[in-house]
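Colleague: Chains as they are written, first to last, in full-length UniProt numbering: chain A, 1 to 283; chain B, 1 to 283. Note that the Cβ used here is the ideal one computed from N, Cα and C, for glycine as well.
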DNA sequence: TAAATAGTGTCTGTGAGACACTATTGG
DNA sequence: CCAATAGTGTCTCACAGACACTATTTA
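This is the structure we're talking about:
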């Protein structure tokens with residue numbers, strides 16, 4: 001710590017002792033988490049949504065999340081909420097983007113730091129903790145939690161839960177924006193169903209999906225969405241599901257070969273119910 | 001807006017009317033900006049740093065930045081600071097990462113949303129506004145502002161300003177971390193000079209440089225760092241500078257060809273002082 | 001045993017990497 | 001006029017895309 005004195009003749013130690021936060025208004029900051037997985041048969045993407053039991057957006061579905069506490073990083077807040085609400089630990093978690101539109105929450109000034117979590121288990125018993133996590137550190141009370149099918153095509157994105165008879169749908173359109181001298185493209189969404197997601201959560205979801213798709217081919221993200229032991233047909237089914245296109249078996253296997261090793265055992269592929277060689281990821 | 005009533009019998013309108021922000025403590029939030037450009041001869045990367053005249057980190061160099069106001073997005077805050085401090089408008093500006101370590105500012109709880117700005121003009125007269133932008137919305141008073149040479153090699157990152165006789169240096173090392181099942185690599189820095197940058201700004205810089213390098217080859221970012229009209233030798237020099245490696249002329253031109261068009265005129269390449277065909281970017 | 005899926009061999013096109021050569025420019 | 005740089009032609013190699021074939025498994 002410097003011993004230099006400032007214009008008031010104070011050392012840093014003296015300055016900090018008397019420091020009072022200024023009069024600037026401060027925003028609340030939450031961490032919202034997009035928890036993404038697949039159905040057991042690797043045919044559908046699954047996303048975890050919670051149903052709000054408080055205003056605003058009462059009874060609408062939202063991403064899980066909660067306030068960041070003063071003694072933790074936003075990453076730790078996301079980890080904590082994920083653990084509380086799903087019991088999942090050691091999950092892949094990545095910061096996506098920070099949403100700061102001052103009008104994004106009608107109550108007050110709330111920024112949110114969005115995280116993407118990838119999980120390999122989307123069974124319902126993972127949802128135990130969600131509804132009892134309670135208000136005390138959530139950005140709103142929760143009355144229900146469920147996995148939704150996430151269906152994306154060229155013109156729309158849908159969130160479907162058949163048991164609850166919920167289908168939330170947005171039409172999406174690619175638009176060009178300018179940043180400095182260059183242009184970039186981004187998806188813009190419009191509600192296309194009676195029900196809508198709370199807040200700006202549809203934007204968070206779109207940003208996260210884009211990032212996931214962009215990185216999926218060039219990184220090892222996939223191994224967070226499948227069990228420790230898996231077959232190559234299943235792994236390929238996962239890639240085809242996330243990327244939204246068919247892959248050629250030979251090329252896929254050549255690409256994946258250096259990242260995996262055969263265990264010697266055999267197991268059933270869940271995507272086809274056929275026996276196949278068992279592999280594991282080599283970090 | 002929903003007419004549903006919550007557990008207290010309130011509609012959303014009634015709820016919002018009486019809403020009081022909770023007792024959660026709230027962080028201050030700043031936008032810090034890494035302004036990056038090149039020397040006029042395209043031989044050196046330049047970064048804009050400001051010298052603090054307040055505790056903490058009194059008289060240390062830092063990234064320019066300031067508090068986000070309640071009536072603007074963090075992006076708008078970054079734009080506003082950039083305009084105030086450099087007079088630059090319409091500059092490329094991209095959110096990089098949000099830093100939330102509660103101990104990153106010794107005064108109080110301050111998160112910062114880091115932005116990367118790319119500019120094509122790093123002359124000194126761009127710096128007029130910096131020192132008089134004042135404290136009122138900066139995250140600390142500023143007594144000086146200057147362009148620093150940014151020199152990066154395999155083991156270190158240095159910030160050099162010859163006129164002021166300042167050389168700030170960090171040794172960097174690539175380490176592996178685990179996230180879920182997969183590993184990722186990241187640079188970890190250690191001070192290697194007497195002077196250091198304020199706060200965690202070295203981390204912001206490292207993250208931004210990594211993102212810039214990763215995207216530079218696959219996007220049109222480069223055109224934000226060079227004038228509207230340019231020669232291909234100059235554009236190649238820019239790529240070689242940012243990527244830190246030599247490129248083959250033929251391959252570079254093949255890659256860049258669909259993005260540019262010849263104006264028909266000729267101009268001098270600044271990197272070699274020779275005549276060369278003049279090109280412009282086609283968005 | 002037939003249909004479906006697992007698993008392998010190989011041809012092709014594209015694009016980056018590499019090098020050689022000619023044309024122009026500045027000192 | 002010569003050294004340096006602008007600008008072009010073309011070979012190689014790695015890898016994704018594409019298709020054909022054999023082996024194994026389930027029903």
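Put residue 173(B) into one of helix, strand or coil per three-state DSSP.
Modeller: As a working mapping, residue 173(B) is identified with position 173 in the second chain. Reduced to three states, the DSSP call for residue 173(B) is strand.
Colleague: Runs of 3 residues minimum, wholly inside the stretch 75 to 134 of chain B: which ones carry the beta strand (DSSP E) assignment?
Modeller: Fully enclosed beta strand (DSSP E) runs of 3 or longer: 92 to 99 and 110 to 118.
Colleague: In whole angstroms, give me the CA-to-CA distance for residue 14(B) and residue 105(B).
Modeller: Position 14 of the second chain, counting from 1, holds the residue named residue 14(B). Position 105 of the second chain, counting from 1, holds the residue named residue 105(B). One C-alpha to the other measures close to 39 Å.
Colleague: Which residues in chain B sit within 8 Å of residue 95(A), going by Cβ to Cβ distance?
Modeller: Locating residue 95(A) in the first chain gives position 95, counting from the first residue. Near residue 95(A) (Cβ distances below 8 Å), the residues of chain B are 97 and 98.
Colleague: Using a Cβ distance threshold of 8 Å, determine whether the stretch 44 to 61 of chain A contacts the stretch 193 to 201 of chain A, with at least three qualifying pairs required.
Modeller: With the cut-off at 8 Å, the stretch 44 to 61 of chain A and the stretch 193 to 201 of chain A touch.
Colleague: Give the DSSP bridge partners of residue 159(A), in chain order.
Modeller: Counting from one through the first chain, the residue named residue 159(A) turns up at place 159. Beta-bridge pairing links residue 159(A) to 150(A) and 168(A).
Colleague: Measure the C-alpha to C-alpha separation of residue 277(B) and residue 49(A) and round it to an integer number of angstroms.
Modeller: As a position in the second chain, residue 277(B) is number 277, starting the count at 1. As a position in the first chain, residue 49(A) is number 49, starting the count at 1. When rounded, the distance between both Cα atoms is 57 Å.
Colleague: Three or more C-beta pairs under 8 Å: does that hold for the stretch 64 to 83 of chain A against the stretch 149 to 166 of chain A?
Modeller: Cβ pair count under 8 Å is below three, so no.
Colleague: Under 9 Å between C-beta atoms, does residue 154(B) make it to chain A?
Modeller: Mapped onto the second chain, residue 154(B) falls at position 154. So no, residue 154(B) is outside the interface.
Colleague: Near residue 240(B), what residues of its chain come up, given a Cβ to Cβ distance below 7 Å and the 5 sequence neighbours on each side ignored?
Modeller: Your numbering for residue 240(B) matches position 240 in the second chain. Same-chain partners within the cutoff: 246 and 247.
Colleague: Output yes if chain B places a C-beta closer than 9 Å to the C-beta of residue 158(A); else output no.
Modeller: Against the first chain, residue 158(A) aligns to sequence position 158. No, residue 158(A) lies away from the interface with chain B (no Cβ there is under 9 Å from its Cβ).
Colleague: For a test of your reading of the model: does the CB of residue 246(B) fall under 8 Å from any non-hydrogen atom of the ligand GDP? Yes or no.
Modeller: Here there are no bound small molecules, and the ligand GDP is not part of this structure.
Colleague: Tell me, to the nearest whole angstrom, how far the beta carbon of residue 28(B) is from that of residue 26(A); I am working on the premise that it is less than 8 Å.
Modeller: Residue numbering aside, residue 28(B) sits at position 28 when the second chain is read from its first letter. Residue numbering aside, residue 26(A) sits at position 26 when the first chain is read from its first letter. Residue 28(B) to residue 26(A), Cβ: 5 Å. Contact.
Colleague: According to DSSP, residue 189(A) sits in a beta bridge with which residue or residues?
Modeller: Counting from 1 along the first chain, the entry for residue 189(A) is found at position 189. 172(A).
Colleague: Would you kindly check if the distance between the Cβ of residue 97(A) and the Cβ of residue 114(A) is under 9 Å?
Modeller: Taking the first chain and counting its residues from 1, the one referred to as residue 114(A) is at position 114. Taking the first chain and counting its residues from 1, the one referred to as residue 97(A) is at position 97. Yes, the pair counts as a contact, with Cβ atoms nearer than the cut-off.
Colleague: I'd like to confirm the pairing. Which residues does DSSP put opposite residue 222(A) in its beta bridges?
Modeller: Along the first chain, read from residue 1 onward, the residue named residue 222(A) stands at position 222. Partner(s): none; residue 222(A) has no beta bridge.
Colleague: List, in chain order, every chain A residue whose beta-carbon is nearer than 9 Å to that of residue 221(B).
Modeller: Here residue 221(B) refers to the residue found at position 221 when the second chain is read from its first residue. Here the neighbours are 180 and 182.
Colleague: Under 7 Å Cβ-Cβ, which residues of chain A neighbour residue 67(B)?
Modeller: Translated into the one-based positions of the second chain, residue 67(B) becomes position 67. Correct list: 24.
Colleague: Helix, strand or coil: how does DSSP classify residue 229(A) here?
Modeller: Residue numbering aside, residue 229(A) sits at position 229 when the first chain is read from its first letter. Residue 229(A): strand per DSSP, three-state reduction.
Colleague: Let's see if you can read the secondary structure: which residues bound the beta strand (DSSP E) around residue 49(A)?
Modeller: In the first chain, the residue the question calls residue 49(A) occupies position 49. 45 to 52 is the span of the beta strand (DSSP E), which, as asked, contains residue 49(A).
Colleague: Please name the residues in the stretch 259 to 278 of chain A whose beta-carbon is closer than 8 Å to at least one beta-carbon of chain B, in chain order.
Modeller: Listed by position, the residues of the stretch 259 to 278 of chain A near chain B (Cβ gap below 8 Å) amount to none.
Colleague: State the Cα-Cα distance for the pair residue 87(B) and residue 146(B), rounded to the nearest angstrom.
Modeller: For the purposes of this step, residue 87(B) is identified with residue 87 of the second chain, where counting begins at 1. For the purposes of this step, residue 146(B) is identified with residue 146 of the second chain, where counting begins at 1. One C-alpha to the other measures close to 14 Å.
Colleague: By a C-beta neighbour count over all protein chains shown, 10 Å radius and 16 as the cutoff for buried, is residue 141(B) buried or exposed?
Modeller: By one-based count along the second chain, residue 141(B) stands at place 141. That one is buried.
Colleague: Taking the alpha-carbon positions, what's the residue 267(A) to residue 169(A) distance?
Modeller: Reading the first chain from its first residue, position 267 is the one you call residue 267(A). Reading the first chain from its first residue, position 169 is the one you call residue 169(A). Looking at the two C-alpha atoms, the distance is approximately 37 Å.
Colleague: Mind pulling the chain B residues with CB within less than 7 Å of residue 43(A)?
Modeller: Reading the first chain from its first residue, position 43 is the one you call residue 43(A). Within 7 Å Cβ-Cβ: nothing; residue 43(A) doesn't reach chain B, min ~22 Å.
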